[in-house]
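Chains as they are written, first to last, in the working numbering: chain D, 20 to 207; chain V, 20 to 207.
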């Protein structure tokens, strides 16, 4: 009987995170990840370049959603309105179904400084991409740089809150609050 | 004749940065760094744990200056005023004399992703320390987290501007402008 293997990438990704969380990132081998879901190393490497890539795959698509959010803002949008549009667009990634996965991923990252560093570099790369998108949208470079960094910071703060146990609001609602609170902070 | 070796740490640090910039971080050995200023590897390791430490030493002292800035803010300071006090206090590090060193250091970091990642982790650690200092100062945790991240972002943006060629203003002046521009951005 030939077994059909649907969603191999997703299953490998979830299995990897569970093993990284329970045994540690370094101690887990690709063979163990693949074995744990009845797949082969060969299949793993068809979906991921290496062990770290499991955690950081999808960066381009993720970044593109933010960039599209800026492109969709009205032509006369303020820099702030444009970055709010970007973060709001990114909310689509953070559905309730994704919460368990994201929490597990965060646990693994928090426990491994080299993964935390990589995650931070991903955010810096996102800032650079948003700056370019804002400039493309007609915003002067200096204001674009500030707005992009501000937007990424608001995103990170929203993401941290969304991961907290006990907060059951949607990502979009949390982001709205974070922007409001940051606005109040800077107006004081 | 016994040669006196003043400022060994500073000379080793400058020599290391020059070599990292010209030959690359990986290709430079500790022996070469020490040789280039007539010192020994043994002396190098008396001052630095490893090659990377040359670039990131002094984090505790650096962080403490920010924390002291918050402690020195008035008891009824807003979270924003407290983080402005922190960044202003940190200006002491960024004297005109330090500019050449800081630019060289930035060139090295920008050319090496693993060093850039480490620098970003340093900033994340600073955010955590500032959050704790703000809570200590009587600010609720949620507001403290936002304010600390906002302050570190403003610091990073100010630091980048300070490193730019052609901008001859002091770090404190630049930081004041960045806070003003961010305030205008978020008020829009």
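C-beta: ideal position from N, C-alpha, C; glycine also.
Bear in mind the structure is a predicted one, so any value in this text is a computation, not a measurement.
Assigned secondary structure, residue i (DSSP; H/G/I helix, E/B strand, else coil)
i, result
"residue 154/D", "helix"
"residue 132/D", "helix"
"residue 187/D", "coil"
"residue 45/D", "coil"
"residue 170/V", "helix"
"residue 26/D", "coil"
"residue 98/V", "helix"
"residue 59/V", "coil"
"residue 141/D", "helix"
"residue 54/V", "helix"
"residue 68/D", "coil"
"residue 81/D", "helix"
Below-9 Å beta-carbon distance, residue i vs any chain D residue
i, result
"residue 71/V", "no"
"residue 79/V", "no"
"residue 185/V", "no"
"residue 175/V", "yes"
"residue 210/V", "The displayed coordinates of chain V run from 20 to 207. Any statement about residue 210/V would go beyond what the structure contains."
"residue 149/V", "no"
"residue 182/V", "no"
Cβ of residue i within 9 Å of any chain V Cβ
i, result
"residue 154/D", "no"
"residue 197/D", "yes"
"residue 98/D", "yes"
"residue 145/D", "no"
"residue 188/D", "no"
"residue 200/D", "yes"
"residue 93/D", "no"
"residue 11/D", "Beyond the ends of chain D as shown, which are 20 and 207, falls residue 11/D; an answer cannot be given."
Between the CA atoms of residue j and residue i - distance to the nearest angstrom
i, j, result
"residue 100/D", "residue 92/D", "8 Å"
"residue 106/D", "residue 164/D", "16 Å"
"residue 37/V", "residue 125/D", "37 Å"
"residue 157/V", "residue 196/V", "27 Å"
"residue 121/V", "residue 182/V", "7 Å"
"residue 201/V", "residue 117/D", "33 Å"
"residue 104/D", "residue 88/D", "5 Å"
"residue 81/V", "residue 133/V", "21 Å"
"residue 136/D", "residue 146/V", "14 Å"
"residue 68/D", "residue 94/D", "40 Å"
"residue 206/V", "residue 48/D", "50 Å"
"residue 57/D", "residue 70/D", "17 Å"
Given a limit of 7 Å on CB to CB distance, which residues of the region 109–138 of chain V reach chain D?
132, 135, 136 and 137
Which residues of the region 21–55 of chain D have a Cβ closer than 7 Å to any Cβ of chain V? Give them in chain order.
none
Selection of the region 157–170 of chain D by Cβ proximity to chain V, strictly under 8 Å
161, 162, 164, 165, 166, 168 and 169
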